[in-house]
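Visitor: Starting off with a structure, shown below.
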């Protein structure tokens with residue numbers, strides 16, 4: 005059986021970090037994910053998906069991301085139920101995140117201004133370590149070539165490729 009979910013969207017509000025009585029970090033948050041099609045008025049609608057993160061990735065999410073931050077996550081669907089105040093059964097569906105990627109720089113204003121890819125997951129720099137407070141990761145990111153730039157513009161002459169270099 006397979007239960008995998010992959011989402012890319014924006015946080016609808018600042019993540020709120022909480023701790024269980026046993027001291028385990030937990031963070032509930034909602035991700036707005038745009039639909040791939042437009043409605044009859046030509047507008048793009050969004051789905052608002054309830055999510056949950058635990059332990060170090062919950063702490064990293066709360067410390068480094070804020071409302072409108074673009075994130076990607078991979079996780080699983082978890083359903084549950086409880087008895088509401090009116091005595092009726094209330095059913096819940098949440099995404100429990102196994103891995104969360106921060107898809108834009110920390111100082112971004114929520115626009116698509118960056119190509120950085122920060123990651124926060126249970127194996128981020130080891131299972132029990134996390135990103136130090138106050139460190140600016142923007143300077144440590146690889147310098148990616150823009151898609152509209154020619155990576156071979158400065159090369160002189162033909163590029164030599166042997167059969168051993170080909171993956172097929």
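Residue numbers (this note's numbering): 5 to 172. Glycine is no exception: its CB is placed at the ideal position from the N, C-alpha and C atoms. None of the values given here were measured: they were computed from a predicted structure.
1) Roughly how many whole angstroms lie between the Cα atoms of residue 68 and residue 55?
2) Please state whether the Cβ-Cβ distance between residue 60 and residue 15 is less than 7 Å.
3) Is residue 79 near residue 105, with beta carbons less than 7 Å apart?
4) Considering only residues of the stretch 53-112, which uninterrupted alpha helix (DSSP H) runs meet the minimum length of 4 residues and lie entirely inside it, listed in chain order?
5) Find out if the Cβ-Cβ distance for the pair residue 81, residue 10 is shorter than 7 Å.
6) Give me the Cα-Cα distance between residue 96 and residue 109, rounded to the nearest whole angstrom.
7) Is DSSP giving residue 47 helix, strand or coil here?
8) Determine the burial state of residue 53: buried for a count of at least 16 other Cβ atoms within 10 Å of its Cβ, exposed for fewer.
9) Given residue 102, which residues of its chain have a CB within under 6 Å of its CB, disregarding the five upstream and five downstream residues?
10) Please classify residue 4 as buried or exposed, where buried requires at least 16 other C-beta atoms within 10 Å of its C-beta.
11) Identify which residue in 47, 63, 35 and 73 has its Cα closest to the Cα of residue 28.
12) Distance, Cα to Cα, residue 73 vs residue 33?
13) How long is the line joining the alpha carbons of residue 66 and residue 30, rounded to whole angstroms?
Guide: With the given structure in hand:
1) Answer to the nearest angstrom: the Cα atoms are 17 Å apart.
2) For residue 60 and residue 15, no; Cβs fall outside 7 Å.
3) No; because the gap between Cβ atoms is not below 7 Å, this pair is not in contact.
4) Listed in chain order, the complete alpha helix (DSSP H) runs (minimum 4 residues) inside the stretch 53-112 are 59-68.
5) Between residue 81 and residue 10, the CB-CB gap reaches or exceeds 7 Å.
6) In a straight line, the C-alpha of residue 96 is about 32 Å away from that of residue 109.
7) Residue 47 falls in the coil class under three-state DSSP.
8) Buried: at least 16 other Cβ atoms inside 10 Å.
9) Answer for residue 102: 78 and 79, listed in chain order.
10) A query on residue 4 cannot be resolved here, the shown segment of the chain reaching from 5 to 172 and no further.
11) Of the listed residues, the one whose Cα sits closest to residue 28 is 63.
12) Taking the straight line from one Cα to the other gives about 12 Å.
13) In this structure, the straight-line span from the alpha carbon of residue 66 to that of residue 30 is close to 10 Å.
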